[in-house]
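Participant: For the sequence shown, my numbering gives the first residue as 22, with consecutive numbering after it. Here it is, the structure, as structure tokens.
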Amino acid sequence: MNQINVVPYIDVTLVLLVIFMVTAPMTNPGVVELPEVGETLKQTGAPIVITIKLNSTIEIEGETYTRDRLLSHVQSLIKTAPDRALVIAADKNVKYDEVISLMDLLKQNNVSKVGLLLKPQK
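Below you can see the structure in the form of structure tokens.
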């Protein structure tokens, strides 16, 4: 006899397939319990919004700043209200590199609460 009898292998494979089909609906790996937001995590005031426009100008509250002046102005704002967060609002066509370099500049100068401002989808 020069052929291998594969019937027992097929039987074992079918039994394993049935076992997996029966046990698969019993497992639920997609459930994630998210933490709840307490009163202590809510913001106390409006954040400071830094706007990066399409022509790479940087503004805070309508006033245009260079990177050096921006940094000194942000540090003075943080000193007056240390609990205020800072968010960067950039035009969607601004290069990602400009946003990240500004974020990096702020983080290097001990501005800890930096985030991104996004418009929710409708």
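C-beta: ideal position from N, C-alpha, C; glycine also. Everything numeric in this text was worked out from a predicted model, so none of it was measured.
On a CA-only basis, which of Asp-32, Ala-45, Val-132 is nearest Leu-98? Give me that one, please.
Facilitator: Val-132
Participant: Under 8 angstroms, do Pro-68 and Ala-106 count as touching if we go by C-beta distance?
Facilitator: yes
Participant: Using alpha carbons as the reference points, say which of Thr-44, Asn-23, Ile-71 lies closest to Leu-139.
Facilitator: Ile-71
Participant: In whole angstroms, give me the CA-to-CA distance for Ser-93 and Thr-48.
Facilitator: 55 angstroms
Participant: What span of residues does the beta strand (DSSP E) with Leu-138 cover, start to end?
Facilitator: Neither: Leu-138 is in no beta strand (DSSP E) and is coded neither H nor E.
Participant: Using the DSSP secondary-structure output, state which residues sit across from Ala-110 in a beta bridge.
Facilitator: Thr-72
Participant: So what's Thr-87 in DSSP terms, helix, strand or just coil?
Facilitator: coil
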